[in-house]
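This note's numbering runs 6 ahead of the 1-based position in the sequence shown.
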Amino acid sequence: MSGTDLLLHGFAGTGRSWDAVIQAAADPQWRPNSPDLPGHGTNTVPVHGGIPGLAASLVDAHRPIGTLAGYSMGGRIALQMALDHPGCAERLVLVSMSPGIEDPDERARRGQADHELAARFEQMGPDEVADLWLSGPLFAEDPPQAQARAREQVLACEPAGLARALREFGPGEMEPLWGRLPQLGLPVTVVAGERDSRYREIADRMAARIPQAEVTVIPGAGHALPREAPGELAALLAPASG
């Protein structure tokens with residue numbers, strides 16, 4: 007590949023969310039970029055313009071990109087990058103993500119709920135934020151090792167930063183991209199966990215609209231694939247593994 011691979015983490019994670027995936031790769035020379043996104047880890051740089059603004063700044067900072075991969079929130083950002091900036095990457099891997107909420111009323115309700123959650127985060131300490139975030143249905147059934155990895159990532163973030171990110175990059179703030187999926191002109195792999203039935207269905211719907219798409223379902227896994235199935239993701243992402 008002519009560019010360096012770029013891995014984008016999910017909400018309440020950091021660039022180190024991908025450490026286990028990188029370590030599991032069969033190629034010791036594989037050194038993708040995995041930055042902290044705004045509001046997460048050590049990144050305190052404000053980004054205006056929501057996901058499109060962040061997508062533009064990431065393209066400017068990391069072009070040329072080989073494989074562009076994103077998990078959950080990072081997947082929504084990666085998809086925005088590929089659609090708004092054709093040719094910025096050679097390949098797209100979307101993990102446990104959705105192109106947005108199509109129904110305007112549902113999107114508004116989600117936005118209101120996220121703003122309320124952001125306000126709660128601002129009144130909490132990191133441990134309380136971790137308890138609240140990881141008690142949600144997406145992560146409640148994760149194995150203990152994955153839960154421990156997730157908690158470590160949440161504790162590496164400031165509650166105020168997570169609140170800002172939720173207000174700026176949450177699903178309720180995102181213009182849905184379903185109608186633009188046929189515009190994707192690069193190979194796309196959409197990945198979901200077997201236990202993550204909602205996102206398995208979304209993956210199939212996305213693949214039906216993307217010209218060069220394949221769906222990979224990881225057996226036995228849930229939503230948090232970088233934590234639950236690092237080896238399987240490495241096999242999809244790393245050059246010597248895939």
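Using N, Cα and C, we set each Cβ at its ideal position, and we do this for glycine too.
Judged by DSSP in its simplified three-state form, Val27 adopts helix. When DSSP reads this structure, Leu74 sits in a beta bridge with Leu12, Leu98. The beta-carbon separation of Ala125 and Leu100, rounded to 30 angstroms, does not stay under the 8 angstroms limit for a contact. Sorting Met87, Gly178, Pro149, Asp133 by C-alpha distance to the C-alpha of Gln118 places Gly178 at the top. For Ala227, the closest C-alpha among the options His15, Ala136, Gly167, Ala152 is that of Ala152.
Under DSSP, Glu220 takes part in a beta bridge, and its partners are Thr195.
The distance from the Cβ of Gly199 to that of Leu231 is about 6 angstroms, consistent with a contact at the 8 angstroms cut-off. Leaving aside the five residues that flank Val197 on each side, the residues in its chain whose CB is nearer than 6 angstroms to its CB run, in chain order, Val101, Thr222. Beta-bridge partners of Asn39 (DSSP): Leu12.
Two segments are said to touch when three or more pairs of C-beta atoms, one from each, lie closer than 8 angstroms; by this definition the stretch 146-161 does not touch the stretch 205-223. For the 8 angstroms CB-CB criterion, Leu140 and Ala156 form a contact. DSSP, read as helix, strand or coil, puts Ala230 in coil.
Assignment of alpha helix (DSSP H) within the stretch 79-135, counting only whole runs of 4 or more residues, yields 79-90, 110-127 in chain order. Counting C-beta atoms within 10 angstroms of its own C-beta, Leu161 has fewer than 16 neighbours from the protein chains shown and is therefore classed as exposed.
For Ala214, the enclosing alpha helix (DSSP H) stretches over residues 203-215. Here DSSP, grouped into helix, strand and coil, assigns Arg155 to helix.
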